[in-house]
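Colleague:
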Amino acid sequence: MAGSLVQVATNTVSGAVSAVALTGINTDDLYMVSFNDVVGATNNVGIQLQLTKSGSAQSDSNYDYSYKLFRTDTSYTNSSAENQTAVSLSNTGTSTSESGNGIIYLYNFNSSSSYSYFSFQSAFFNASPFLTGAKGQIMHTVASASDGISFKASSGNIASGTFTLYKV
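Residue numbers (my numbering): 538 to 705.
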């Protein structure tokens, strides 16, 4: 049925892992990823994204991003960079109630002749304490097919969370 979500992959983490990969993109359809209640095993770590090719996270210096970061503790900020090895959505950690949630849309992932790109929106609660929300885009500037997405912590591990990939 048009407009419905079809679950492709899911992973619920309840113990420290270095990364969470969701694969299974094999059509030109739009895909969506949700991540819920994601917590770092180390305090104040960024939850980072990379795409996967043949199931392996790509850590090349080909990620460009731009997003608006909304914060409750200070002014809004614009964040952007080119040629990164991963993109951090925001920080989380080990204090009570710290976690992150979000939705990511994946475009052109199955195409071998186009760049893969992501649009995302996220909300994180940090220990300071303050809330952050972000909305933006990420581009992987390599024209080749990708089969999924990988989450990792900027240092240490991911302690918990639920990650789900859907075909739209």
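All residues carry an ideal CB built from backbone N, CA and C; glycine is no exception. These figures come from a predicted structure and were not determined experimentally.
Is Lys-704 near Val-545, with beta carbons less than 7 Å apart?
Modeller: As a working mapping, residue 704 is identified with position 167 in the sequence shown. As a working mapping, residue 545 is identified with position 8 in the sequence shown. Yes, these two residues count as a Cβ contact at 7 Å.
Colleague: Taking the runs of the beta strand (DSSP E) that are 3 residues or longer, which of them lie wholly in the segment 662–688?
Modeller: Here the runs fully enclosed are 667–680.
Colleague: With distances taken Cα to Cα, identify the nearest neighbour of Gly-592 among Asn-599, Asn-563, Thr-579 and Gly-577.
Modeller: Position 55 of the sequence shown, counted from the first residue, corresponds to residue 592. The residue with the shortest Cα to Cα distance from Gly-592 is Asn-563.
Colleague: Taking buried to mean at least 16 other C-beta atoms within 10 Å of its own C-beta, is Asn-628 buried or exposed?
Modeller: By 1-based counting over the sequence shown, the position of residue 628 is 91. So Asn-628 counts as buried.
Colleague: If we ignore side chains and look at the alpha-carbon of each, how far apart do Met-538 and Asn-580 end up?
Modeller: Indexing the sequence shown from 1 puts residue 538 at position 1. Indexing the sequence shown from 1 puts residue 580 at position 43. Low confidence applies to Met-538: its pLDDT is 49, below 50, so where it sits in the model is not reliable enough to give any reading.
Colleague: Buried or exposed for Met-663, going by 16 or more other Cβ atoms inside 10 Å?
Modeller: Reading the sequence shown from its first residue, position 126 is the one you call residue 663. It should be pointed out that residue 663 corresponds to Asn in this sequence rather than to Met. Buried.
Colleague: What three-state label does DSSP hand Thr-560 in the structure shown?
Modeller: Along the sequence shown, one-based indexing puts residue 560 at 23. It is a strand residue.
Colleague: Buried or exposed for Phe-655, please, with buried defined as at least 16 other CB atoms from any protein chain shown within 10 angstroms of its CB.
Modeller: Taking the sequence shown and counting its residues from 1, one reaches residue 655 at position 118. Phe-655 should be labelled buried.
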